[in-house]
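In the numbering used here, the protein residues as written are 97 to 767. Positions of the beta carbon are idealized from the N, C-alpha and C atoms, including for glycine. No experiment lies behind these values; they were computed from the predicted model shown. Taking it in order: structure first as structure tokens, then the write-up.
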């Protein structure tokens with residue numbers, strides 16, 4: 097069989113990605129990204145048409161319906177191109193490379209991403225969504241250019257590839273010392289960009305600023321700055337009361353299309369909800385705010401109830417229901433009355449800001465909660481009835497792909513929320529996820545990026561896939577004192593240092609391993625986006641682990657974390673909104689980081705519970721008998737009473753034996 101003939105079928109039915117499987121019945125002869133697919137393009141002497149998207153993407157579905165399911169378009173694609181479909185969540189390395197190219201060529205990016213490549217993977221034309229007629233014209237133009245002006249294509253692809261490499265090498269490094277003054281500067285800059293009327297930062301569309309909120313909470317705990325806490329409270333309240341938050345079932349949508357958090361883009365992502373759970377749990381633990389506590393509990397319940405599959409967590413719920421965005425979630429006054437009756441229907445319409453004109457399409461409204469109900473019991477009865485009715489509607493699709501790094505975020509969030517909410521079941525959910533993730537995704541000592549239905553995929557893990565689970569495992573170790581979590585975390589960090597650290601530039605990280613597939617360039621983006629960057633995430637894990645292990649390994653981790661912070665401090669100086677997680681890590685670093693070791697029986701110690709409750713974000717808390725861990729070496733109870741040892745870096749206070757003394761040592765209020 098010739099290469100051309102072997103390429104003449106759609107092979108996506110074999111994929112482990114639900115997004116790719118959504119396209120398995122397209123008349124397009126889609127391939128996965130493999131060396132064979134690139135070789136087939138070279139053998140046929142045709143360009144590659146690369147389409148990148150993800151399962152919950154609304155416009156990805158639109159382009160699929162308009163073009164990829166259309167026989168006319170498919171015939172043109174199949175005749176002139178090797179067509180490759182990529183799930184950006186499964187191959188973030190490919191997404192990063194070609195998104196950089198798309199932004200460089202067009203000035204903007206997004207999904208679906210549409211790129212035309214030479215057979216060796218060099219891009220020469222890139223864009224995003226195209227309607228059918230425009231797409232057909234583009235296909236014709238690209239084919240003609242490839243056939244008649246090949247020299248120009250080669251020249252353009254060489255130039256673009258060179259520019260992409262220069263972009264990576266030109267990323268600034270170094271900067272001021274990571275010290276309180278730098279953190280204060282970054283916080284002041286971030287606060288200067290906030291929307292003081294509606295919360296958040298900047299204008300529409302508004303994305304949940306998870307990392308920035310966590311950083312501001314840590315800044316508040318260090319400095320006592322009312323402005324930092326007010327920004328968290330303002331944004332946290334606005335999101336929790338807006339349409340971006342599911343007022344019936346809990347959980348946050350991807351972003352708000354307006355600047356007041358009213359109308360969301362309805363997809364619900366695991367990573368957003370894990371990151372926001374961590375923020376709301378931290379806020380609740382620090383201030384006992386009832387809204388923060390409620391939202392944390394509901395978001396945790398959403399994760400465990402709606403996004404769990406075989407103990408691990410799946411990727412997302414779709415934005416669309418049967419081709420209509422948001423159809424599952426919106427209401428009219430008449431629909432409320434139909435479910436609740438006239439009196440409760442009118443009351444619910446006022447409670448949830450459902451109007452005759454509507455806040456969404458066709459007179460429907462997204463549910464909001466502008467104010468707490470005057471009758472909580474009635475509100476709970478109404479909420480339960482509406483949720484039950486909503487469950488009878490068609491439901492959005494679910495992307496059951498399990499992504500390693502996002503599960504790491506979930507493990508951390510659930511472990512921390514179990515403390516904030518005093519809910520041991522959340523810690524058990526984190527433990528189950530961690531066990532399943534290690535059992536399924538570690539293959540021959542290395543992590544894989546994703547699995548589906550318990551079957552792990554071929555895509556290797558990237559830096560964030562090692563970093564966020566390491567932080568989650570360290571959180572579990574602090575909660576449980578089980579050595580297996582610390583051992584697994586350090587194995588991940590040792591692998592990250594060995595395969596992802598830049599040997600030529602201490603403190604720099606690549607997102608792909610040194611033995612991974614060689615792409616047009618080796619990506620390494622330190623900026624924090626919708627999720628923390630791999631570089632900032634591994635720095636957080638290294639900083640924590642350095643104080644939980646001993647000897648040479650501790651020194652190596654501490655040096656790597658310090659180098660990483662020093663190399664990226666320029667982000668906090670010049671662009672702190674793009675370094676939200678870096679700021680959170682820096683806030684912890686300038687405090688030492690703070691360590692609290694409680695000599696006790698961890699199963700029964702009230703002082704250990706107090707330490708976990710009072711500890712600032714990013715602090716390290718362990719409990720156990722003398723010499724049971726690195727932080728408890730040589731440390732015992734005092735006069736028979738449980739004793740807490742508080743250290744900042746390598747400077748330690750005298751031990752304390754009461755919650756009041758501990759609060760005073762930490763500089764926090766004992767509530």
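Here's the rule I'm using: 16 or more other beta-carbon atoms within 10 Å means buried, otherwise exposed. How should residue i be labelled?
i           : result
residue 97  : Because the pLDDT of residue 97 is 32, which lies under 50, any placement of that residue in the model is unreliable, and the number read from its coordinates should be weighed accordingly. Classification of residue 97: exposed, given that the 10 Å Cβ count is below 16.
residue 756 : exposed
residue 312 : buried
residue 539 : exposed
residue 195 : buried
residue 169 : buried
residue 299 : exposed
residue 551 : exposed
residue 631 : buried
residue 663 : buried
residue 700 : exposed
residue 106 : buried
residue 108 : buried
residue 256 : buried
residue 204 : exposed
residue 384 : exposed
residue 247 : exposed
residue 529 : buried
residue 173 : buried
residue 555 : buried
residue 723 : exposed
residue 65  : In the structure as shown, the chain starts at 97 and stops at 767, and residue 65 therefore has no counterpart that could be examined.
residue 488 : exposed
Please tell me whether residue i and residue j are closer than 7 Å, where the distance is taken between their beta carbons.
i           : j           : result
residue 397 : residue 346 : yes
residue 215 : residue 134 : yes
residue 546 : residue 566 : no
residue 481 : residue 447 : no
residue 413 : residue 337 : no
residue 391 : residue 525 : no
residue 274 : residue 665 : yes
residue 628 : residue 595 : no
residue 719 : residue 704 : yes
residue 740 : residue 707 : yes
residue 500 : residue 590 : no
residue 478 : residue 532 : no
residue 150 : residue 184 : yes
residue 415 : residue 154 : yes
residue 804 : residue 364 : The question about residue 804 has no answer here: the residues shown for the chain are numbered 97 through 767.
residue 669 : residue 268 : no
residue 123 : residue 159 : no
residue 288 : residue 334 : no
residue 466 : residue 475 : no
residue 612 : residue 575 : no
residue 496 : residue 624 : no
residue 502 : residue 278 : no
What whole-angstrom Cβ distance do residue i and residue j have, given they're in contact under 8 Å?
i           : j           : result
residue 622 : residue 593 : At roughly 16 Å, the Cβ-Cβ gap does not stay under 8 Å, so residue 622 and residue 593 are not in contact.
residue 727 : residue 758 : 15 Å between Cβ atoms; not a contact.
residue 351 : residue 303 : 4 Å
residue 321 : residue 375 : The pair is not a contact, with the Cβ atoms about 17 Å apart (cut-off 8 Å).
residue 680 : residue 657 : Incorrect: roughly 13 Å between the Cβ atoms, too far for contact.
residue 379 : residue 328 : 6 Å
residue 634 : residue 563 : 4 Å
residue 137 : residue 144 : 5 Å
residue 854 : residue 619 : Absent from the model: residue 854. The displayed extent of the chain is 97 to 767, so no value can be given.
residue 571 : residue 512 : 6 Å
residue 517 : residue 377 : 7 Å
residue 212 : residue 182 : With 8 Å as the limit, residue 212 and residue 182 do not qualify as a contact, their Cβ atoms being about 14 Å apart.
residue 615 : residue 217 : 6 Å
residue 264 : residue 301 : Between residue 301 and residue 264 the Cβ distance is about 28 Å, and since that is not below 8 Å, they are no contact.
residue 661 : residue 626 : Their Cβ separation, rounded to whole angstroms, is 22 Å, which puts residue 661 and residue 626 out of contact at 8 Å.
residue 687 : residue 744 : 6 Å
For the ligand HEM, is there a heavy atom less than 6 Å away from the beta-carbon of residue i?
i           : result
residue 531 : Among the components of this structure there are no ligands whatsoever, and the ligand HEM is therefore not found.
Touching by the beta-carbon criterion (3+ pairs, under 8 Å), the region 239 to 251 and the region 629 to 638
no
Please determine if the region 459 to 467 and the region 115 to 131 are in contact, where contact requires at least 3 C-beta pairs separated by less than 8 Å.
no
Segment contact, 8 Å Cβ cut-off, at least three pairs: the region 224 to 235 with the region 259 to 277:
no
Which runs of the alpha helix (DSSP H) fall wholly inside the region 399 to 441 and span at least 4 residues, in chain order?
429 to 436
Which runs of the alpha helix (DSSP H) at least 4 residues long sit entirely within the region 258 to 294? Give them in chain order.
276 to 288
Is the number of C-beta pairs between the region 734 to 752 and the region 683 to 694 that are closer than 8 Å three or more?
yes
If we require 4 or more residues per run, which alpha helix (DSSP H) segments fall completely within the region 658 to 692?
676 to 685
Along the chain, which unbroken stretches of the alpha helix (DSSP H) at least 4 residues long are found entirely within the region 700 to 740?
702 to 710
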